[in-house]
Amino acid sequence: MPKIDVNQVAEILKRNDIDPALLRQIVEEMNQAVEPELDEEKPPAVKKQFSIVVSDPDHQLPEKAEFTGWVFQIPEDASVTSTTERIHKAAYEFNTTKKGRMMPAKTMADAIENIPAKVFKEQQVWIKTKAPVFVIRTDNEIPTEKSDRKTRRGSLD
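With our numbering, you'll find the sequence shown wraps up at 417, consecutive numbering, no jumps.
Here it is, written out as C-alpha coordinates:
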(Lines of atoms letter the chains of each structure in order from A and count residues from 1; the text may use other names and numbers.)
(Lines give C-alpha, C1' and ligand atoms only; values in the text may rest on other atoms or scores of the structure.)
Protein backbone atom coordinates (compact mmCIF):
# COMPACT_ATOMS: atom_id res chain seq x y z
CA MET A 1 0.00 0.00 0.00
CA PRO A 2 1.54 3.37 -0.98
CA LYS A 3 2.33 5.81 1.77
CA ILE A 4 1.31 9.45 1.47
CA ASP A 5 2.45 12.42 3.49
CA VAL A 6 -0.03 13.89 5.98
CA ASN A 7 0.51 17.37 4.49
CA GLN A 8 -0.45 16.12 1.02
CA VAL A 9 -3.67 14.66 2.40
CA ALA A 10 -4.44 17.98 4.11
CA GLU A 11 -3.91 19.88 0.82
CA ILE A 12 -6.23 17.48 -1.04
CA LEU A 13 -8.91 17.92 1.61
CA LYS A 14 -8.56 21.75 1.46
CA ARG A 15 -9.05 21.71 -2.32
CA ASN A 16 -12.29 19.76 -1.87
CA ASP A 17 -13.82 22.41 0.41
CA ILE A 18 -13.82 20.50 3.70
CA ASP A 19 -14.92 22.42 6.80
CA PRO A 20 -11.75 23.87 8.48
CA ALA A 21 -12.71 22.49 11.92
CA LEU A 22 -13.22 19.01 10.48
CA LEU A 23 -9.99 19.34 8.46
CA ARG A 24 -8.01 20.26 11.58
CA GLN A 25 -9.48 17.30 13.49
CA ILE A 26 -8.64 14.86 10.65
CA VAL A 27 -5.06 16.16 10.35
CA GLU A 28 -4.53 15.87 14.13
CA GLU A 29 -5.78 12.27 14.09
CA MET A 30 -3.50 11.42 11.16
CA ASN A 31 -0.50 12.98 12.92
CA GLN A 32 -1.24 10.92 16.03
CA ALA A 33 -1.53 7.74 13.94
CA VAL A 34 1.77 8.44 12.16
CA GLU A 35 3.63 9.41 15.33
CA PRO A 36 5.69 6.46 16.62
CA GLU A 37 4.74 5.24 20.03
CA LEU A 38 7.36 6.37 22.50
CA ASP A 39 5.88 4.35 25.35
CA GLU A 40 7.34 1.14 23.98
CA GLU A 41 11.04 1.15 24.75
CA LYS A 42 13.06 -1.43 22.92
CA PRO A 43 15.52 -3.41 25.00
CA PRO A 44 19.15 -2.61 24.20
CA ALA A 45 20.64 -4.59 21.35
CA VAL A 46 22.50 -7.71 22.43
CA LYS A 47 26.22 -7.59 21.66
CA LYS A 48 27.17 -10.69 19.71
CA GLN A 49 30.28 -12.65 18.87
CA PHE A 50 30.88 -15.03 15.98
CA SER A 51 31.22 -18.76 16.43
CA ILE A 52 31.99 -21.40 13.80
CA VAL A 53 30.77 -24.95 14.22
CA VAL A 54 32.82 -27.31 12.06
CA SER A 55 31.27 -30.49 10.71
CA ASP A 56 33.54 -33.42 11.62
CA PRO A 57 31.38 -36.54 11.84
CA ASP A 58 34.38 -38.88 11.50
CA HIS A 59 36.38 -37.13 14.28
CA GLN A 60 39.34 -36.60 11.95
CA LEU A 61 39.68 -32.84 12.14
CA PRO A 62 43.51 -32.61 12.14
CA GLU A 63 43.90 -35.12 9.29
CA LYS A 64 41.30 -33.83 6.84
CA ALA A 65 42.18 -31.34 4.15
CA GLU A 66 38.64 -29.96 3.69
CA PHE A 67 36.04 -29.27 6.37
CA THR A 68 32.54 -27.87 6.24
CA GLY A 69 30.78 -25.93 8.94
CA TRP A 70 28.31 -23.19 9.80
CA VAL A 71 28.79 -19.67 11.12
CA PHE A 72 26.74 -18.45 14.10
CA GLN A 73 26.46 -15.44 16.35
CA ILE A 74 25.83 -15.75 20.07
CA PRO A 75 25.73 -13.14 22.85
CA GLU A 76 29.13 -11.67 23.61
CA ASP A 77 29.05 -12.72 27.27
CA ALA A 78 28.08 -16.33 26.45
CA SER A 79 30.59 -19.15 26.20
CA VAL A 80 31.38 -20.27 22.66
CA THR A 81 31.06 -23.88 23.81
CA SER A 82 27.37 -23.25 24.52
CA THR A 83 26.62 -22.84 20.79
CA THR A 84 25.88 -26.52 20.18
CA GLU A 85 23.74 -26.67 23.33
CA ARG A 86 21.70 -23.72 22.07
CA ILE A 87 21.18 -25.45 18.71
CA HIS A 88 20.10 -28.66 20.46
CA LYS A 89 17.59 -26.71 22.58
CA ALA A 90 16.21 -24.96 19.49
CA ALA A 91 15.87 -28.32 17.69
CA TYR A 92 14.11 -29.82 20.70
CA GLU A 93 11.68 -26.88 20.83
CA PHE A 94 11.04 -27.14 17.08
CA ASN A 95 10.48 -30.91 17.23
CA THR A 96 7.70 -30.39 19.80
CA THR A 97 5.72 -28.18 17.37
CA LYS A 98 3.24 -29.50 14.81
CA LYS A 99 5.62 -28.86 11.91
CA GLY A 100 8.49 -30.38 13.89
CA ARG A 101 6.53 -33.57 14.56
CA MET A 102 5.86 -33.90 10.83
CA MET A 103 9.47 -33.23 9.78
CA PRO A 104 11.70 -33.49 12.87
CA ALA A 105 15.27 -32.23 12.85
CA LYS A 106 17.44 -35.30 13.41
CA THR A 107 20.89 -33.91 12.65
CA MET A 108 22.65 -30.59 13.11
CA ALA A 109 22.39 -29.99 9.35
CA ASP A 110 18.62 -30.64 9.44
CA ALA A 111 18.22 -28.24 12.33
CA ILE A 112 20.32 -25.45 10.84
CA GLU A 113 18.81 -25.66 7.35
CA ASN A 114 15.13 -26.25 8.20
CA ILE A 115 14.29 -24.64 11.55
CA PRO A 116 12.99 -21.05 11.30
CA ALA A 117 15.23 -18.25 12.59
CA LYS A 118 12.57 -17.31 15.18
CA VAL A 119 13.20 -20.56 17.10
CA PHE A 120 16.96 -19.96 17.13
CA LYS A 121 16.48 -16.34 18.20
CA GLU A 122 14.59 -17.53 21.29
CA GLN A 123 17.72 -19.52 22.24
CA GLN A 124 19.91 -16.47 21.47
CA VAL A 125 21.75 -18.01 18.55
CA TRP A 126 21.71 -16.36 15.13
CA ILE A 127 22.58 -18.41 12.04
CA LYS A 128 24.74 -16.56 9.53
CA THR A 129 25.09 -19.42 7.01
CA LYS A 130 22.24 -21.90 6.53
CA ALA A 131 24.23 -23.96 4.03
CA PRO A 132 27.54 -25.40 5.22
CA VAL A 133 30.64 -23.53 4.08
CA PHE A 134 34.16 -24.81 3.54
CA VAL A 135 36.69 -24.20 6.29
CA ILE A 136 40.28 -23.76 5.21
CA ARG A 137 43.26 -24.41 7.43
CA THR A 138 46.01 -21.83 7.57
CA ASP A 139 49.37 -21.52 9.27
CA ASN A 140 48.60 -17.83 9.98
CA GLU A 141 51.68 -16.63 8.11
CA ILE A 142 51.87 -14.20 5.18
CA PRO A 143 54.63 -15.19 2.76
CA THR A 144 56.97 -12.33 1.95
CA GLU A 145 59.51 -12.09 -0.81
CA LYS A 146 62.91 -10.92 0.32
CA SER A 147 64.34 -8.50 -2.22
CA ASP A 148 67.25 -6.18 -2.53
CA ARG A 149 66.47 -2.60 -1.48
CA LYS A 150 67.97 -1.13 -4.64
CA THR A 151 65.84 -3.25 -6.95
CA ARG A 152 62.65 -2.16 -5.20
CA ARG A 153 63.33 1.57 -5.45
CA GLY A 154 65.28 1.61 -8.66
CA SER A 155 68.81 2.72 -9.15
CA LEU A 156 69.58 6.30 -8.04
CA ASP A 157 72.89 6.56 -9.98
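The C-beta atom is built at its ideal place from N, Cα and C for all residues, glycine as well.
Residue range of the unbroken beta strand (DSSP E) whose run includes residue i
i    : result
P280 : Not the beta strand (DSSP E): P280 falls in the alpha helix (DSSP H), residues P280 to V294.
I334 : F327 to P335
Counterpart residues of residue i in DSSP-defined beta bridges
i    : result
K308 : P335
V393 : G329
I375 : Partner(s): none; I375 has no beta bridge.
I272 : None, per the DSSP bridge assignment.
I387 : F332
Buried versus exposed call for residue i [16 or more other C-beta atoms within 10 Å across all chains shown]
i    : result
V385 : buried
A391 : exposed
F310 : exposed
Q383 : buried
I347 : buried
I372 : buried
A365 : buried
A350 : buried
Residues near residue i in its chain [Cβ-Cβ closer than 7 Å; skip 5 each side]
i    : result
D277 : none
L273 : L283 and I286
E336 : K307, K308 and Q309
V294 : V266
A281 : none
Close-in-space but distant-in-sequence residues of the same chain around residue i (CB under 6 Å, 5 per side omitted)
i    : result
A270 : V287
V331 : I312, K388 and T389
V393 : none
Alpha helix (DSSP H) segment containing residue i, residue limits
i    : result
T343 : T343 to N355
K358 : K358 to M362
Own chain residues within Cβ distance below 8 Å of residue i, not counting five before or after
i    : result
M363 : N374
*May I ask you to verify whether the segment 378-394 touches the segment 347-361, counting CB pairs closer than 8 Å and requiring at least 3?*
Yes: the two stretches touch, three or more of their Cβ pairs being nearer than 8 Å.
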